[in-house]
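Asks: Dumping the structure here so I can ask a few things about it.
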Amino acid sequence: MTGFDKRLVWENHLKQSSHLEQRRHLERSKSPEHHLHIFQTSRLKQMPLLEFTDRGIYCRPADVYLDAWRPVDRVIVTHGHSDHARWGHRHYLAHHLSVPIMKARLGQDITIEGKNYNEPFTINGVTFSLHPAGHIIGAAQVRVEHKGEVWVFTGDFKTENDGISAPFEPVKCHAFITECTFGIPAFQWQTQQTIFDDINQWWNKNREDGKVSVISAYSLGKAQRILQGIDPSIGPIYTHGAVENMNQVIRDSGISLNPTTYINKEVDKKQLKGALVIAPPSALGTPWQRSLGTASTAVASGWMGLRGARRRRSVDRGFILSDHADWKGLNETVIATGAERVIATHGYSNIFTRWLREQGLDARTEATQFEGEGTETADGE
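In terms of the numbering used here, the sequence shown opens at residue 940 and continues consecutively.
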């Protein structure tokens, strides 16, 4: 079976399993020979438009980096999580909703420019634009076009509409740089409403038992998603300071969030019985958490889909809720881009690229310093 035939079988399999209508890149091809000609074009065999360097992903014609992990002169940042938005660059550019987030985290004095989604801008003759990544508020994919060649860098992304972030939009390209944090078949997400129903039931049962419900979620992104997804009529919602700080930044940007109360020294801990407390993972098991009283603890993370994950975190409940694409979402996105070349970065990159090559795609891995959902164990991202 040729690579062309294998890719066709792969696409048909995904369409049948998901019952979603996919617009396929292969439909543009007049024949298998035409498709192979595109694959073998010299365009992608020349100096790549985006290079992987020891400082970050570099666009040489524009002299600009994407999500650089070492200090550079100019950088385009996909979103505000700390493994992508780092301190020390001279000039930042990001989606306008990421601007206040990055200033709050990196310092109000950083030099940063905000752009809208789908707004083209040019740097040294190279055309860039930002497109919704669906990961968190302000998260963007970066489209790069130069001399008829188009590359897309996803940063982190998820394909399910969470109701608070701009929904993910696949972008057509020749080369696609993608995360694959959860790039193995074991990770298949349930709908977020199913997860929120489970969280509501857990919270309501704890309320009846007079317990505090403490759920950990990284302070930027997951915390706001949970805040907007749960049923606030069950009881009051309190927050750890790290979460409330981000909530305030987002509210100041004009985005409405459900009411919360910051747990400071003035809060009577007796009032917390039956309440929901949203805190970063770093707060679990600390004197701060124990001071809240009798509590049931939970973690919301894609890693809760692994056997034994809840036990290793020493929590009462684990909810499988991730801000990254699952196996199905990764595969459907690759197809939707129509990319001729796929480069996988952080996550199960070796497994995912081997699978893509088996489907007839030109795929490889590249090392980066992005951490995916693993950062939640370190700093509450």
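From the three backbone atoms N, C-alpha and C, an ideal C-beta is built for every residue, glycine too.
Just so you know, these numbers come straight off a predicted model, no measurement behind them.
1. Locate the alpha helix (DSSP H) running through Pro-1226, then write down its first and last residues.
2. What is the DSSP secondary structure of Pro-1059, counted as helix, strand or coil?
3. Per DSSP, Leu-1045 forms a beta bridge with which residues?
4. Given a cut-off of 7 Å on the beta-carbon distance, is the pair Val-1216 and Val-1153 in contact?
5. Answer with buried or exposed for Gln-1163, where buried requires no fewer than 16 other C-beta atoms within 10 angstroms of its C-beta.
6. For Thr-1292 and Thr-1284, which I take to be in contact (beta-carbon distance under 8 Å), what is that distance rounded to the nearest angstrom?
7. Could you spell out where the alpha helix (DSSP H) holding Trp-1266 opens and where it closes?
8. Expressed to the nearest angstrom, what Euclidean distance is found between the alpha-carbon atoms of Arg-999 and Leu-1005?
9. So, Leu-1159 versus Trp-1090, is the Cβ gap smaller than 7 Å?
10. Taking DSSP as the reference, what is the three-state secondary structure of Gln-1080?
11. Whole-angstrom Cβ separation of Gly-1034 and Gly-1053, contact assumed at under 8 Å?
12. Tell me whether Ala-1306 is buried or exposed, calling it buried when 16 or more other Cβ atoms sit within 10 Å of its Cβ.
13. Tell me the rounded alpha-carbon separation between Val-1273 and Asp-1301.
14. Should the stretch 1135 to 1146 be regarded as contacting the stretch 1167 to 1176, the criterion being three or more beta carbon pairs within less than 8 Å?
15. Would you list the one or two residues that DSSP bridges to Leu-1260?
16. For Cys-1119, list the residues DSSP reports as bridge partners.
17. For Pro-1175, which residues of its own chain have a beta-carbon under 6 Å away from its beta-carbon, when the five flanking residues on both sides are left out?
18. Just the Cα atoms here: how many angstroms apart are His-1085 and Pro-1226?
Replies: According to the structure shown:
1. Its alpha helix (DSSP H) spans residues 1226 to 1229.
2. Note: Pro-1059 maps to coil in three-state DSSP.
3. Answer by DSSP bridge pairing: none, since Leu-1045 is not bridged.
4. When the beta-carbon positions are compared, Val-1216 and Val-1153 come within less than 7 Å of each other.
5. When all chains shown are included, Gln-1163 counts as buried.
6. Not confirmed; about 10 Å, so no contact.
7. In this chain, the alpha helix (DSSP H) harbouring Trp-1266 covers 1266 to 1276.
8. If you draw a straight line from the Cα of Arg-999 to the Cα of Leu-1005, it is about 11 Å long.
9. It is not a contact, given that the beta carbons lie outside the stated cut-off.
10. In the displayed model, Gln-1080 falls within a strand according to three-state DSSP.
11. According to the sequence displayed, residue 1034 carries His and not Gly. At roughly 7 Å, the Cβ-Cβ gap stays under 8 Å, so His-1034 and Gly-1053 are in contact.
12. Residue environment analysis places Ala-1306 among the exposed positions, since fewer than 16 neighbouring C-beta atoms fall within 10 angstroms of its C-beta.
13. Their backbone Cα atoms lie some 12 Å apart in a straight line.
14. The stretch 1135 to 1146, when compared against the stretch 1167 to 1176, does touch it at the 8 Å Cβ threshold.
15. Its beta-bridge partners do not exist; DSSP assigns none.
16. Note: Cys-1119 sits in a beta bridge opposite Gly-1286.
17. Setting aside the 5 residues that flank it on each side, Pro-1175 is surrounded in the same chain by Ala-1214, each with a C-beta closer than 6 Å to its C-beta; the list follows chain order.
18. For the pair His-1085 and Pro-1226, the Cα-to-Cα distance works out to about 54 Å.
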